[in-house]
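Residue numbers (the numbering used here), protein chains in the order written: chain L, 1 to 297; chain R, 1001 to 1347; chain V, 2001 to 2327.
Glycine included, every Cβ here is placed at the ideal spot set by N, Cα and C.
The structure under discussion appears below in the form of C-alpha cells.
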Amino acid sequence: MNLSMLRPAAPAIAPVERSPGYWGEVFNRVCRDPIALAVAAVILALLALAVLGPWAVPGDPFTTSMFKRLKPIGTEGFPLGTDELGRDMLSRLMLGTRLSLFMGITPVVFAFFIGGAIGVVAGYFGGWLNSLIMRTVDVFYAFPSVLLAIAFSGALGAGVNNALISLTLVFVPQVARIAESVTTQVRNRDYIEAARASGAGAFTIIRSQVLGNVLGPIFVFTTGLISVSMILASGLSFLGLGVTPPEPEWGLMLNTLRTAIYTQPWVSALPGAMIFITSISFNVLADRLRAAMAVRS
Amino acid sequence: MTQRDIGGPAQPLLRVEKLLKHFPTKGGLGKRRVVRAVDGIDFVVRKGETLGVVGESGCGKSTTARLLMQLIQQDSGELVFDAMAVGGHQLPLREYRRQVQMVFQDSYSSLNPRLTMEQAVAFGPSVHGVSQREALQRARDLLGRVGLEPTRFAGRYAHELSGGQRQRVNIARALAVEPRLVILDEAVSALDKSVEAQVLNLLLDLKASLQLTYVFISHDLHVVRYLSDRIMVMYLGEIVEVGPTQALFSAAQHPYTQALLTSMPSMDPGNRTRVSPLSGDPPSPIDPPPGCRFHTRCPHAEAVCAQAAPQLTTTGDHHYAACLMVQPGAGHSQSPPAGLIYTGASA
Amino acid sequence: MSEQPMVAVQDLKVRFKRGGQTLAAVNGVNLSVARGEVLALIGESGSGKSVTLRALMRLHAERSTRIEGRIEIAGQNLMALSRRQLQALRGPVAAMIFQEPLLALDPVYTIGQQIIETLRRHRPMPRAAAREAALEALRSVRIPSPEQRLDAYPHEMSGGMRQRAMIALALACQPKLLLADEPTTALDATVQIQILILLRELQQALGLSIIFVTHDIAAAVEVADRIAVMYGGRIVEQAPLAELLNNPQHPYTRVLLGTRPKDGLRKGERLVSIPGAPPDLANLPAGCAFAPRCPQASDLCRSEVPAIEAVLADHSVCCHHWNRLPI
Chain L
1 MNLSMLRPAA PAIAPVERSP GYWGEVFNRV CRDPIALAVA AVILALLALA
51 VLGPWAVPGD PFTTSMFKRL KPIGTEGFPL GTDELGRDML SRLMLGTRLS
101 LFMGITPVVF AFFIGGAIGV VAGYFGGWLN SLIMRTVDVF YAFPSVLLAI
151 AFSGALGAGV NNALISLTLV FVPQVARIAE SVTTQVRNRD YIEAARASGA
201 GAFTIIRSQV LGNVLGPIFV FTTGLISVSM ILASGLSFLG LGVTPPEPEW
251 GLMLNTLRTA IYTQPWVSAL PGAMIFITSI SFNVLADRLR AAMAVRS
Chain R
1001 MTQRDIGGPA QPLLRVEKLL KHFPTKGGLG KRRVVRAVDG IDFVVRKGET
1051 LGVVGESGCG KSTTARLLMQ LIQQDSGELV FDAMAVGGHQ LPLREYRRQV
1101 QMVFQDSYSS LNPRLTMEQA VAFGPSVHGV SQREALQRAR DLLGRVGLEP
1151 TRFAGRYAHE LSGGQRQRVN IARALAVEPR LVILDEAVSA LDKSVEAQVL
1201 NLLLDLKASL QLTYVFISHD LHVVRYLSDR IMVMYLGEIV EVGPTQALFS
1251 AAQHPYTQAL LTSMPSMDPG NRTRVSPLSG DPPSPIDPPP GCRFHTRCPH
1301 AEAVCAQAAP QLTTTGDHHY AACLMVQPGA GHSQSPPAGL IYTGASA
Chain V
2001 MSEQPMVAVQ DLKVRFKRGG QTLAAVNGVN LSVARGEVLA LIGESGSGKS
2051 VTLRALMRLH AERSTRIEGR IEIAGQNLMA LSRRQLQALR GPVAAMIFQE
2101 PLLALDPVYT IGQQIIETLR RHRPMPRAAA REAALEALRS VRIPSPEQRL
2151 DAYPHEMSGG MRQRAMIALA LACQPKLLLA DEPTTALDAT VQIQILILLR
2201 ELQQALGLSI IFVTHDIAAA VEVADRIAVM YGGRIVEQAP LAELLNNPQH
2251 PYTRVLLGTR PKDGLRKGER LVSIPGAPPD LANLPAGCAF APRCPQASDL
2301 CRSEVPAIEA VLADHSVCCH HWNRLPI
C-alpha cells in the first residue's frame, strides 16, 4: 500500500484552468451592479474626505466670530453658512467626517473580530460551551441598542474612547449571534465531517474550512451595522457622552445647532443630512453585497 | 512509505468489539428515551476484502460508519485496527485517521464550496505535515487517477462539477492521506445509474491498484452484491446475518435477509413479485421490540422469539446468523437440537 | 369504451427561465396512454421525466415556465382549460402522488380531514358519508386499523404508511388517471415492494391509467405495461415492457439495462459503463443529446436530432443508427 509512486518526479506544478471562484464571482456581480457602485463611490469619497480633511478644508473650522453667527447657506466666504459660534459650516462638516466615520466604523470593526470569534467558537464547538456563550450574549441582546449604549457610556463616563468601548459592547452580541448561527449551519455539513476525518484539529478546520464559508455573511451583517453605529455615536455625542467640543463631529454639531432650528433650519439640518447620507450608503452597500453573495445557481 | 501491514494477512484489519451507541431523543418532557442506533455489535473487516453492509433505514448502518470513522464517540466497545487499540498510545486517533477514510453519500455537501478541487484534496495531506506544494501536486495526481483531467478540474469549484465528478473528487480526497481502509457510506446511492457504473468500476480499479480494504454501506443489494466479498445484514442496531456474498445470496439463513432478497424487484415481467415478503415498515430503533427484534414482522415468529434474544450462530463457512431457528436448543420449533453445532470448516 | 386515449401528448416542450438562463427541460415529447394502461417514464436526473409529468397537471409556475405543444387528458385540451376547469380536473379525472408524502400531505390536518375535505370539495355530501368514504379509501390501500389512522397526523405515521395515505388521498375522488412521481424512491426495499404491489393491484381493480415516473428500471418492470425511456428532454425509446427488455434498440436504453441485468450483477465482471454525465439542459448539444456519451455517435448524430422511427408497430426509437448498431 503505497502511493509514493504517484508522487511526481517533475518539480514544477503545471498551470491549470482557474475558475473565478466564489469571491471572484461576487466581485464581478458587484461590478455589474450600478447601485452598489454608486454607493461605493459615495463611501470612498467620504473616506477620502476623512483622510484628507485637515488639508482640504477651505476655511478654519475653529475660528469663532460673534458677528458672523448663523449665516445662511450661500453667504460670501461661507458657502454652507456658519454655526451658532460663527464657524465655517463647510469646513466643520468636512473635518467632522473624520471623527464621525471613525466613531461609526471603529466599534463595528472591533465587534466584527470579537463578536465573530465568539460566535464562530460557540457555533463550531456547540454543546455546553455554546449554551454558556450564547445565553450570556442573549442577556445583552435583550436590551435595545440605544439604551445599552447610553448605559455603558454613562457608566464609563464621557469621551471618545469610552464611547467607542460602549458601542463595541453593544455590537459584539449582535455579531456573535449571526456568526454563531451561520457557523452552526456550516458545521453540520459533510465537508466538515470529512475534514475531521482527515485528522485535522478544530483550529485548523475553523481556519481552512469554516471561515471561508462564514466570513461573507458576517461581513455583510457588520457592514449593515455601520449605519446604526454612526447614528448611535452621533446620539452619544448629542447627549454629551461622546465627542467633546470644540471637535467637529456631526452628532455633536446637530446637538449644538438644535437651538437654531427656527432661525436657520437649513444650516441646522446639514449635519443630520451628512449622517443620513453616510448611513444610508453603508446600508445600501450591505444590501447589495448580500444580494451579490446569495445568488447561486 | 514504510510497510504498514503489522499483523500479517491473517490478522483482521479492523476488529469491532461490542460497539454500542445510543442517542438520547431530543425535546419533550416526561420520560427520556434512547435511540438504540448501534446496540453492541461485533464484526471484523479482513485485510483486502470488501465488506458490504446492508439494511433499511434505522438499522444503524450509517451510525456504524461514523463510529468506525470515530466521528462520533461510542458509548462502549472497542475498535482494534491491525491489532492496535484505536485511540490508545500505539494508534492515536490522528494516526488512525490516516489509515481509515470515508466517502459520504451527498457529494455536494461533502465538498467545501469555497475550495477548489485541488485544495479540497490537498487538505488531508497538509494536515499530516506534507508541504503545501507537494500536497497540491499529490492532489492533482489523484484527480487524474480518479479520471478527472487535472488541468481542467484542479482549479474548479464543487458547483461546477456534475454529481459523478464530485463523487470522484470525494474519492480522491479520501485517498489523499493514503488510507488502508475506506468506508463508503452510500457513496454511489445518489448517482444516476449510468454514472454509478463508472464510479463502481473506478472503486474496483483503485482497490486493486492501491490494495485497499472497503467497508461498503448501501441499501442497494444489487450494488452490494457486485462489490462485496462478504455481506453483513443489520436490523434495528444489530447484526442479523453475516457471510460470504455467494452463500448469503444462495442460502440466506435469517428470515429478514430472505425477505430483503425477495424484495428485490425481479427484472422479469413474466415473474413479477406477487406477494410482499414482509408487511409494514421497519419499527423505530427507539424502544425496539424485546427478544428477537425482527419477531414483530417475521413470518416464522413463535412465542419464544419475543423473549429470547438470538445470538449470532455459525451456519456454514464463515456464515453466521442471529435467529432462534438456527440456534441449537433455542426453543423455537425449528431450532436444531442442543449440542448440534456446524462442524464444517473452522471459522 | 371509446378508442380515445386517456392521455395524448404531442410535441410537448417545456422551457424554464432561471437566472438569465433558459433550461430546455422537455424538447418535443409525444406520448399516449390508453385507458387502463400503465406507462413508465424512466430516465436520469435532468431527463425531463418529472417535468413532463408535472406539465400534464399544469403544475409549473406559469410566470417562469413556457409550455408548448398539445396535451389532452380524457379528451380535454389541457392548455385551453381555465383555472377553475383545471381545479375540477385535478382530483376526479387525474391525481398525482409524489416521492415525498410529507410535501403532499398537510401537516396540520389529520389524514381523515384531508381526505374528507377533498371529497366534499368535488362532490357535496354529508360529513358522515364522506367519513365513511375516507375510511373506505384507507381500507383500499390496506392501511392496518384504518379507523385509528383516520385521526392520525401525517408525522405520526411511518414512511410506508404515509405513502399509502397519500395514495388513498389521490384515489379518493376516483380519478381515471394517476400520475406517480417516483413514489417508491425514498422507501426501504421491503416497503418499496409493498407499494409497487399495491399500485399494481389498485390499477387492476380500478382500471386506472398510470404514468409512473422513476429512475429505477427495476421498479418500472414491476408495474408497467409499456416503458418510455427519456434522455435530455426527449423520449429516446418507447416499447411494451417485454419488447423493451428483450430487444432494446437505443444505445442509452442498453446502457440502462446493463446496470440491472436480469440475473443480477456478477462480482468480478466489469460493468458496462459510458463516460460523461447527463446533459446540461441550459446548453444542450445541437444533435442527439446522447451523442457526446454514445460509443456509436457519428457526425450526423452531433449535428441533427434524430427522427422517431418505428422498429415495430408499437416500438419506436429515436436514433440515427438504431438498425445498424451491433447487437
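- For the segment 1162-1190 of chain R, residues whose beta-carbon sits nearer than 8 Å to a beta-carbon of chain V comprise Ser1162, Gly1163, Gly1164, Gln1165.
- V:Leu2199 and V:Val2141 have their C-alpha atoms roughly 9 Å apart.
- Put simply, the CB of R:Asp1082 is far from chain L, with every gap to its CB atoms at 7 Å or more.
- The beta carbons of V:Ala2282 and R:Val1195 sit no closer together than 7 Å.
- Per DSSP, reduced to three states, the secondary structure at R:Thr1063 is helical.
- Here DSSP, grouped into helix, strand and coil, assigns V:Leu2105 to coil.
- Going by DSSP, V:Leu2086 is part of the alpha helix (DSSP H) stretching over 2083-2089.
- By the 16-neighbour rule on beta-carbons within 10 angstroms, V:Lys2049 is buried.
- With respect to V:Asp2188, R:Glu1056 sits close: the two C-beta atoms are nearer than 7 Å.
- In this structure, R:Cys1323 sits near R:Pro1310, with a CB-CB distance shorter than 7 Å.
- Between V:Pro2251 and the set V:Ser2273, V:Val2223, V:Leu2241, the nearest pair of CA atoms involves V:Ser2273.
- R:Thr1257 is the residue among R:Gly1316, R:Tyr1320, R:Thr1257, R:Gly1329 whose C-alpha sits nearest the C-alpha of R:Arg1297.
- Interface residue (Cβ-Cβ distance to chain R less than 7 Å): V:Ala2034 is not classified as such.
- With a cutoff of 7 Å on beta-carbon distance, V:Ile2042 and V:Ile2217 are scored as near each other.
- Using a CB distance cut-off of 7 Å, R:Tyr1235 does not count as an interface residue toward chain L.
- V:Ser2140 is outside the set of residues whose beta carbon lies under 7 Å from a beta carbon in chain R.
- Annotation: Cβ neighbours of R:Leu1200 in chain V (cutoff 7 Å, chain order): Leu2271.
- For V:Ser2209, the uninterrupted beta strand (DSSP E) run begins and ends at 2209-2214, by DSSP.
- The alpha helix (DSSP H) runs of length 4 or more contained entirely in the segment 135-185 of chain L are, from start to end of the chain, 145-156.
- The beta carbons of L:Leu257 and L:Phe238 sit about 11 Å from each other, so the pair does not count as a contact at 8 Å.
- Contacts between R:Pro1113 and chain L, judged by CB atoms closer than 8 Å, involve Tyr22, Asn213 in chain order.
- Nearest neighbour of V:Pro2005 by Cα position, chosen from V:Arg2127, V:Glu2072, V:Lys2267, V:Pro2240, turns out to be V:Glu2072.
- Comparing alpha carbon positions, the residue from L:Gly123, L:Gly24, L:Val267, L:Trp23 closest to L:Arg87 is L:Val267.
- For R:Ala1321, the enclosing beta strand (DSSP E) starts and ends at 1319-1321.
- By the Cβ test, the segment 1071-1089 of chain R is not in contact with the segment 1255-1274 of chain R, since fewer than three Cβ pairs between them sit closer than 8 Å.
- Rounded to the nearest angstrom, the Cβ distance from V:Ile2115 to V:Ala2095 is 12 Å, too far for a contact under 8 Å.
- Shown here for R:Gln1074: same chain residues with a beta carbon closer than 8 Å to its own, the five before and five after excluded, namely Leu1019, Leu1020, Lys1021, Val1038, Leu1067 in chain order.
- R:Ser1109 is positioned such that its CB atom lies closer than 7 Å to that of L:Arg189.
- For the pair V:Glu2269 and R:Leu1227, the Cα-to-Cα distance works out to about 10 Å.
- The three-state reading of DSSP puts V:Val2305 in coil, since its state is none of H, G, I, E or B.
- Excluding its 5 nearest sequence neighbours in each direction, R:Pro1150 has C-beta neighbours in its own chain below 6 Å: Arg1140, Leu1143, Gly1144, listed in chain order.
- Assigned with DSSP and collapsed to three states, L:Phe221 falls in helix.
- Counting only Cβ-Cβ distances below 9 Å, L:Gly199 has contacts in chain R at Leu1093, Arg1094, Glu1095, Tyr1096, Arg1097, Arg1098, Gly1124, Val1127, His1128, Val1177, in chain order.
- With its beta carbon at least 7 Å from every one in chain R, L:Val243 lies outside the interface.
- Annotation: V:Leu2119 to V:Ala2137 spans about 11 Å, alpha carbon to alpha carbon.
- By the Cβ-count criterion, V:Trp2322 is buried, with 16 or more other Cβ atoms from all chains shown falling within 10 Å of its own Cβ.
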